[in-house]
Amino acid sequence: MSNNVVETIQPIAQAIVTAHQFELVDVEFVREGQSWYLRIYIDKPGGINIEECAMVSDELSEKLDTMDPDPIPQAYFLEVSSPGAERPLKREADYENAVGQYVHIGLYQKVDGKKVFEGDLKEVTPETLTLDYLDKTRHKTITVDRKQISQARLAVKF
């Protein structure tokens, strides 16, 4: 059900977001406890502000309320927000824009005894990512097959 809702809502959200020259980062429909949430993440160069999120929320809410049949028959909360400092990397452009930035990469299986790496993204190819990371006090470089990546996002370096 969750995937069907996302597939239905994504083009609608994309049209609204594109009309304002924003970027649609992600759409998710998730259940948390007893409640369902439709989350729309938007961005633009320099960052998105709360007024812009509210504008997209109002337009999307109005559009969804007028659709027949209702694409989301159960009760849900609509949230429109910035992807934040730890923006997920999902599309090819996300990875390319993240080159040179500090990222968090989670893997399906361990590589060198670890399933999680954080470091500077050095290179992106269609098949691999190359990351420079600290192992205790030593800099190391790892190249991972993109098929092994369970999740990737920008990270905040402490």
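Quick note on full-length UniProt numbering: the sequence shown kicks off at 1 and runs consecutively. Glycine included, each C-beta is placed from N, C-alpha and C at the ideal position.
DSSP has residue i in a bridge; who is on the other side?
i      : result
Thr141 : Asp132
Ser82  : According to DSSP, Ser82 bridges with nothing at all.
Tyr108 : Paired residue(s): none; Tyr108 is not in a bridge.
Asp120 : Tyr102 and Asp132
Lys114 : Val111
Phe77  : Tyr37
With DSSP run on the structure shown, which of helix, strand or coil describes residue i?
i      : result
Ser61  : helix
Ser2   : helix
Arg87  : coil
Ala13  : helix
Tyr95  : helix
Glu127 : coil
Ala152 : strand
Lys147 : helix
Met67  : coil
Rounded to a whole number of angstroms, what is the C-alpha to C-alpha distance between residue i and residue j?
i      : j      : result
Asp43  : His20  : 11 Å
Tyr95  : Pro71  : 31 Å
Thr141 : Val111 : 12 Å
Asp132 : Gly100 : 10 Å
Gln148 : Cys53  : 34 Å
Ile9   : Lys136 : 44 Å
Glu51  : Ile40  : 15 Å
Ser81  : Phe22  : 12 Å
Ile16  : Lys115 : 38 Å
Val25  : Pro83  : 7 Å
Asn3   : Ala155 : 27 Å
Ala75  : Asp145 : 40 Å
Ser35  : Phe77  : 8 Å
Val5   : Gln151 : 21 Å
Tyr37  : Val27  : 10 Å
Flag this pair as touching only if the segment 119-127 and the segment 58-70 have three or more C-beta atom pairs under 8 Å; answer yes or no. no
What are the uninterrupted segments assigned as beta strand (DSSP E) that are 3 or more residues long and contained completely in the segment 10-52, given in chain order? 23-32 and 35-43
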